[in-house]
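Report on one structure; see the data block that follows.
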Amino acid sequence: MAEEVAAARRCRRPGNRHGSRGVPPPMIRTALASDLDAIAALHTRARATYYRGRVPEAAYAGESEAARSREGWERAVARPAAQGQVLCAERDGRVTGVAAFLTADGVTTLTQLHVDPDQWRRGTGAALHAACLAAWRRAGIERVRLEVYEHNLRAQAFYASHGWRPDPAGTPAGSHRTLWLEVCPASGE
0 MAEEVAAARR CRRPGNRHGS RGVPPPMIRT ALASDLDAIA ALHTRARATY
50 YRGRVPEAAY AGESEAARSR EGWERAVARP AAQGQVLCAE RDGRVTGVAA
100 FLTADGVTTL TQLHVDPDQW RRGTGAALHA ACLAAWRRAG IERVRLEVYE
150 HNLRAQAFYA SHGWRPDPAG TPAGSHRTLW LEVCPASGE
């Protein structure tokens with residue numbers, strides 16, 4: 000019985016405080032090679048919101064970093080589906096968010112989840128998160144990890160509201176905090 004109670008607590012379905020306030024949800028789809036420029040630009044804009052004033056601009060927005068970022072996204076989009084996926088949120092024909100996850104050595108990691116800052120609080124992040132969750136459930140993945148920048152309090156609040164919990168070991172990964180999500184069966188399973 001104690002194990003069932005613990006499992007129920009881990010799998011409680013938190014509410015979505017990041018609702019869209021009447022805005023229709025974005026379309027979520029698999030990223031394509033033709034999305035790479037839009038994804039890389041969005042990634043840079045999103046990172047600027049939490050890195051600006053904390054790390055040198057060249058580390059998140061310089062030419063060499065932009066090229067490195069695009070190459071990383073290119074590798075992620077091209078990898079086999081069994082290793083992970085990159086998903087795009089699209090609204091009015093424009094990429095407004097991106098999420099990526101990778102499974103390696105038996106561990107699935109949400110490596111990226113970014114929403115264009117001009118699309119915040121419209122349900123884009125929640126829709127991307129829900130699509131990742133659905134993919135993890137289909138794949139039978141039970142637990143997922145992520146690292147979030149310690150100063151990115153907006154992201155930490157978002158993840159907490161979606162059931163992510165701090166690493167029980169409490170060990171930070173440099174300037175990042177490690178969070179874990181217990182992936183519970185869909186309602187009715």
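Numbering-wise, the sequence shown is residues 0 to 188 according to numbering that gives the first Met the number 0. Even glycine gets a Cβ: it sits at the ideal position worked out from N, Cα and C.
For A98, the first and last residue of its enclosing beta strand (DSSP E): Counting along the chain, the beta strand (DSSP E) containing A98 begins and ends at R93 to A103.
Beta-carbon contacts of P184 that lie in its chain and below 6 Å, excluding the five residues immediately before and after: none
Which listed residue (Q118, Q111 and R176) has its alpha carbon closest to that of R90: Q118
P23 versus T123 - alpha carbon distance: 10 Å
Whether W163 touches L152 by CB criterion (8 Å): No.
Residue span of the alpha helix (DSSP H) that contains L132, given as start and end: T123 to R137
Opening and closing residue of the beta strand (DSSP E) in which A32 lies: Counting along the chain, A32 falls outside any beta strand (DSSP E), and DSSP gives it neither H nor E.
Rounded C-alpha distance that separates D115 from T177: 23 Å
Identity of the residue in H175, G71 and H128 nearest H150 by Cα: Nearest of H175, G71 and H128 to H150, Cα basis: H175.
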